[in-house]
Each structure stands twice: as C-alpha cells, then as structure tokens.
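Chains as they are written, first to last, in my numbering: chain L, 457 to 679; chain W, 277 to 545.
Here's the structure, in structure tokens; my notes come after.
Structure below.
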C-alpha cells in the first residue's frame, strides 16, 4: 500500500449546510508525517473526522488504508477504525474506566488477550510517564495528563495511521514535548503514518514532514 | 442508590410481566378443570317411549360422550305400598324410558338448542330436559372471569414492557458517551452494548427465578390449599422444568430483543 490516504475533490459539510471543505485533495504515503494547519474554524477537525468516518464527504473520493469510503458498510468502517489511532482535542477518555483500562481499549476491541493488553498498556504508560497513575480515573488527572493517556491509547495497538486533532492545543510545554516525541517515535520506530491537525508546527521537531494549509475550505499543499 | 433503583425498575417490571403471564396460565388451568367438572356433572335427561341406541344417536350428535338409562326401579319401589301389583305391572309397561345423556364438552345455549331439536326429531322421544339455564349461567361466569383476568394481565404486561423499554433507554443514554468512544475505535455493536445486555439479562434472570420460586411454593402453602378446597378448585402444580424453563427462556429472550431494539435505535453509534 503506497498511499495511506488518497483524497480527491472532497466536499464535506454538516448536514445540508454549505460545505466546510471544498474540492480537497491529498495524497499521503506510508510513514509520512503530515501537518494540516489553518485558522480556527477553517475545517481542520472536519477533515480529521472524515478520515475516521465520523463525517462522510458529499462529493469526491476518499480512500484510507486501502478502504474506499464510497458506500462503506458499518462493519467495514469498524474494521478500518481498528487500524487507526485517533487523538482527539477533547481527549475522549471513558470516565468510569481507569487510566489502564482506557489505554487497553483498542487492544480489547482488537481481541488481544488480557495479559497482552496489560503488558502493552504498562509499556505505553511508562512512555508517557504516567505509570504511577495507572489506577486513577481520567477526572483525577490534569488536562496534560489526560492527553498523554489519550496518546498512549492511540498508540496501544500499533496503528497504521495516527490522526491527531490539536494534540497539544492546551497543554503545558512538558506534556507537549512528551506528545511530539511519541508521534515522532511512532513514525521513526514503528513506521506509522502520522497526520496532525494543529495551529502551529513545533520548530524543534527535527523530522521531515509534509504540510497542508487550509484556508476558506480549500486545502493547499505548502511543502 | 440511583443505580440500585434503576435495577429494581427492570426487576419489578420483568417480575410483573412474568407473574401476569403465569397467572393467566393458572387461571386457564383452573377454569378448564372447573369446566371439566361441570361437564361431568351436566347431563341432558331424555324421555323416550322406546329404547335408544347410543351409536345411532352419536351419528346425529357427535359430541355425545355417553348415553345411560336411568333406572325406574326406585320410583316403582316407592309406589309399591300405594298401588296394587297389577296396576304396578301396568304402569311398568306404560312407563317411558329415562336416559341421561352426557356430552364431551360444555355446549353453549345455541348448541344446546340444536341438540334438543335433533333429539326431538326422533319420533320416540317425548320430552327433553336440558337444564340449560343453570349450566349456561355458570359457564358464562367462568368465561367472564377468565376474560377479565386476560384483559387485566394484558394491560399490566403492557405497562411492564413500557417500563422495561424506558429503563433500557435511560441506561443507553447513560452509557452513550462510552459507547460512542468505543465506536470510534471500531468496537462492534455487541461489544459496546455488552454492559446493557449484562445488566438487563442479570435483572431478568433474577426476576424469573423469583417468579418460578413463588409459583412453586404458593400451591403448597396451607392457606392457599384451604382456599382452593373451599372453592372446590385445583391450583395446578408448577412444572419447574417446562414452565420454569419457558419463563426463564422467555424473559432472557425478551431482554436480548429489548436491548437490541433500544440500543440500535438510540445508539446509532
């Protein structure tokens, strides 16, 4: 699979409203690190939502990890999502589950044994420096810690593609650094394709990346 | 506390649903039993100048169970002291034959009339006593009682079903956030609804066991036995294997269907 994301002429809107994204096209190869930047309300999150199937394009062709979104069945969409790691702006952690259980979620869905789930969760929580908070609940953590848990969850099942929506939006510099290092590590060590939607590209990232800029609903390739 | 009360609303509703269902079965059994008793007690008296053959009558009236002659010996014995033996012999010769005609089931008023007409069409039959009025009244009373129980049970069950659906809907909304997060990571419908299934199935199982226990114990209680004896009715024994299995199976199946319908309708995640 040469291209992980193939999008051509996408029009995306919420319901019957005017399209937020118009005629968007992008080609993202495996193991690429991609940024999509743009002003607030430009539709960055809308693009991410369409890539994991929360929103469907009105027009155009979209193919993610070899799965075509035209007339996609819910079972096929579920299967695709098991190969994605998504980091949400609002973390989307399950409040009634512990940190450990939250990180184990994609592994449980993937059908891994309990011992594998626990081992992998511990390994990732160690990476995000939260192993000592394994039995805490999300509401007992700070915003930065919650986002690090969400990051560990997104990486738990070694996804083919990581989609991160403003992963460092409101975080302190320490948490931001941990998250960027993890995303960088996923690309470099695991060969994962990473697509990040953000306001600002960190200057100290130190890797090659592709950059799209979103303006007025139109996606421009910058570099 | 709120969580416990939400479980009670499923448990009580399932209990009421199963209790009313089984109650209709018990009433049906009691009424059938009572109806059999009425049939056994009920007979049409036929007076005929000549002997009647059961087989020939059955050809015309298939619901005839049996035809037996009522002996006139008792009446004649009573008249022995008041009449001469000659007159008694003459009376014996002139006296018609009396028959008791039993039916297989309780006929309604219309059917009794048809049977009567068929019997009257036989030349030798001179008189028929059907006792239709007494019998009809009793039978109608039983049917009314049964219908009232059925209607009442239906409404109770209907309300119980509504309450069960309402509670599952509340649970679905309570767990909606978790279910949508699980969806975003590719969880199947049954995986993300597992909690709802577990809660509803456990509550339903508990309630059905309580209903089974109640119907097993109740007929054995002396108070119930005495009451049944006073009314001359038989309260059926609860068949734990067949009836209990049906109740438990039905409640679990209902729980599965209810959760699937509600979670699919509301969840859509």
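Beta carbons: idealized from backbone N, C-alpha and C, even for Gly.
- With distances taken between CA atoms, residue 460/L lies nearest to 540/L out of 540/L, 494/L and 498/L.
- Taking a C-beta cut-off of 7 Å against chain L, the contacting residues of the region 459–475 of chain W are 460, 461, 462, 463, 464 and 467, listed in chain order.
- Proximity of chain L to residue 542/W at the Cβ level (cut-off 8 Å) is not reached, the minimal Cβ distance being about 16 Å.
- In this structure residue 558/L is buried. Its beta-carbon is surrounded by 16 or more other beta-carbon atoms within 10 angstroms.
- Out of 522/W, 539/W and 356/W, the CA that lies nearest to the CA of residue 298/W is found in 522/W.
- By the rule that beta-carbons nearer than 8 Å mark a contact, residue 570/L does not touch chain W.
- Per the coordinates, the alpha-carbon of residue 321/W lies some 27 Å from the alpha-carbon of residue 509/W.
- Runs of the beta strand (DSSP E) lying entirely within the region 331–408 of chain W and spanning at least 3 residues, in chain order: 340–346, 373–379 and 401–405.
- At least 8 Å separates the CB of residue 537/W from every CB of chain L.
- As the crow flies, the alpha-carbon of residue 317/W is around 52 Å from that of residue 444/W.
- Rounded to the nearest whole angstrom, the C-alpha separation of residue 531/W and residue 664/L is 55 Å.
- Residue contact with chain W for residue 561/L: present (Cβ-Cβ distance below 8 Å to some residue of chain W).
- Distance from the CA of residue 319/W to the CA of residue 342/W, rounded to the nearest whole angstrom, comes to 10 Å.
- Exclusion of the five residues before and after residue 566/L leaves 538 and 613 as the residues of its chain whose Cβ lies within less than 6 Å of its Cβ.
- Residue environment: residue 451/W is assigned as buried (16 or more neighbouring CB atoms within 10 Å of its CB, all protein chains considered).
- Distance between residue 676/L and residue 479/L, taken at the CA atoms: about 11 Å.
- Exclusion of the five residues before and after residue 300/W leaves 425, 426 and 429 as the residues of its chain whose Cβ lies within less than 7 Å of its Cβ.
- Between residue 454/W and chain L, the shortest Cβ-Cβ separation is below 8 Å.
- For residue 542/L, the nearest CB of chain W lies under 8 Å from its own CB, placing it at the interface with that chain.
- In its chain, beyond the 5 residues on either side, 614 have a beta carbon closer than 7 Å to the beta carbon of residue 646/L.
- The beta-carbon distance between residue 492/L and residue 619/L, rounded to whole angstroms, is 10 Å. This is too long to meet the 8 Å contact definition.
- With the rule of 3 Cβ pairs closer than 8 Å, the region 581–589 of chain L does not count as touching the region 479–497 of chain W.
- DSSP places residue 600/L in the helix class (H, G or I) of the three-state scheme.
- Residue pairing by DSSP leaves residue 639/L without any beta bridge partner.
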